[in-house]
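Number of protein chains: 2
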Amino acid sequence: MPVAHDEMERRVEEMKDALRARGMRLTHQRIEVVREIAGSEAHPDAETIYRNVRTRIPTISRDTVYRTAATLVELGCVTRTTLTHGPVRYDANLEHHHHFVCMRCGAAHDIVDPALDKVRASASSAGIGSVETVEVRLRGVCTECERSTGTTRRSRRKT
Amino acid sequence: MPVAHDEMERRVEEMKDALRARGMRLTHQRIEVVREIAGSEAHPDAETIYRNVRTRIPTISRDTVYRTAATLVELGCVTRTTLTHGPVRYDANLEHHHHFVCMRCGAAHDIVDPALDKVRASASSAGIGSVETVEVRLRGVCTECERSTGTTRRSRRKT
DNA sequence: CTATGTGCAAAGCGTTTGCAGTTAG
DNA sequence: CTAACTGCAAACGCTTTGCACATAG
């Protein structure tokens, strides 16, 4: 499921501004990687970004994807997360949200739920440290995989 | 913080039984890896297990650690988790629990809190899939790192 | 004894890095 | 123009695998 057009454009402009503010050049490679990350809700990994951008810039290299993604993370425009084992995945949704991860296909869905946001470090965490963020991770089987029992969409290790 | 002696012995016996039940041999290498995983609450990675077991069996190889850990995961005695970026970490605590992860040193603490267990898939997740497990991840700075501001205990990438 | 497990070394995957040529500003 | 960026290839860290020897049962 792609990000709504307006939201995507907003994100793209924000990232471009951040790059410019750092005095970094807006090369067409960078712009396409930015568009790819900003426009996806699937928390894509570097390989997926690379594959998709390659349809537009066939000469782009994986290195540029990795470097641009790392830059966006540094700039705070994107977060890296390890939702599944295997490659790091990039998330352009900066709103506070939670995740549902399919144990069969590895697909990830954002979950925005004010009820989950209430989960706060309670007495149990006292003495352990100071909590800065709370993320709820739901694991299960996505509706798509439930329908096609047995078949896996992508070969990604579960958990 | 090590696991309580009795609990550790219970876990060790459970794992040995599971290995026997599968017709697998209880080699001294396997037993030491089992003891190491069962006795740690720190969610150690393969390298840490390897380093510690090596003090008892100097000739053990990393491969055996990986293989034994993989076997224990298959047998359901241990779970693999990626709490931080970097190496997979093993968790011998099968009780339902949550995690606090220090963003500075990467240390992980188990959190058992019935209040957190109440977090359930609410309306928001409807239509996404069927939820099987819920894990709450708290991120922040552990008390130890708060005390020694600036210094990091271990060099592990945060988040 | 003999099937299983071990250590070794080599390969695998995802990712990072040094370099020389390329390009945005 | 020239500093910044790219693509390449090589290196990296973590993990898995094929093989011949070693050992638990």
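Sequences listed follow chains A and B, in order.
Take 1 as the starting number for the first sequence in the working numbering and just add one per residue.
Take 160 as the starting number for the second sequence in the working numbering and just add one per residue.
Note that the Cβ used here is the ideal one computed from N, Cα and C, for glycine as well.
1) Quick check: the Cα distance between A70(A) and D91(A), rounded to an integer number of angstroms?
2) Starting from E132(A), trace the beta strand (DSSP E) in both directions and tell me its first and last residue.
3) Where does P58(A) fall in DSSP's three states?
4) If the cut is a Cβ gap below 7 Å, which residues of chain B does C102(A) touch?
5) What would DSSP say about D165(B), mapped onto helix, strand or coil?
6) Is L275(B) close to chain A? Criterion is C-beta to C-beta, closer than 8 Å.
7) Report yes if the C-beta of A69(A) is less than 7 Å from at least one heavy atom of the ligand ZN; otherwise report no.
8) Going by the DSSP bridge assignment, what does T81(A) pair with across the sheet?
9) With R298(B) and R137(A) assumed to form a contact (beta carbons below 8 Å), what rounded beta-carbon distance in angstroms separates them?
10) Helix, strand or coil for V232(B), going by three-state DSSP, please let me know.
11) Taking Cβ-Cβ distances shorter than 7 Å, what residues in chain A pair up with R306(B)?
12) How is D272(B) classed by DSSP in three states: helix, strand or coil?
13) Using a Cβ cut-off of 7 Å, pull out every chain B residue sitting near C77(A), in sequence order please.
14) Just reading off the alpha helix (DSSP H) that H187(B) is part of, what are its end residues?
15) Could you tell me which chain A residues have their CB closer than 7 Å to the CB of H268(B), listed as they occur along the chain?
16) For the beta strand (DSSP E) containing C105(A), list its first residue and its last residue.
17) Hey, is E95(A)'s beta-carbon within less than 8 Å of any beta-carbon in chain B?
18) Going along chain A, which residues have a C-beta under 9 Å from G299(B)?
19) Just to make sure I have the definition right: I need the residues of chain B whose C-beta is within less than 8 Å of the C-beta of H85(A). Which are they?
20) Taking the beta carbon of A115(A) as the centre, do at least 16 other beta carbons fall within 10 Å, making it buried, or is it exposed?
Based on what the coordinates show:
1) 12 Å
2) Residues 129-142.
3) Note: P58(A) maps to coil in three-state DSSP.
4) Taking the beta carbon of C102(A) as reference, the chain B residues within 7 Å of it are G288, listed in sequence order.
5) Here DSSP, grouped into helix, strand and coil, assigns D165(B) to helix.
6) yes
7) As for the ligand ZN, it is missing from this structure, which has no ligand bound.
8) R89(A)
9) At roughly 12 Å, the Cβ-Cβ gap does not stay under 8 Å, so R298(B) and R137(A) are not in contact.
10) Here V232(B) sits in helix by DSSP.
11) Correct list: empty, because the minimum Cβ distance to chain A is about 10 Å.
12) Three-state DSSP puts D272(B) in coil, outside helix and strand.
13) The contacting residues do not exist; C77(A) stays about 15 Å from chain B at best.
14) 187-197
15) I128
16) Where C105(A) is concerned, there is no enclosing beta strand (DSSP E), given that its DSSP letter is neither H nor E.
17) No, no contact with chain B.
18) A121, S125, I128, G129, S130, V131, E132, T133
19) The answer, in chain order, is R239, T241, V247.
20) With fewer than 16 other Cβ atoms within 10 Å, it is exposed.
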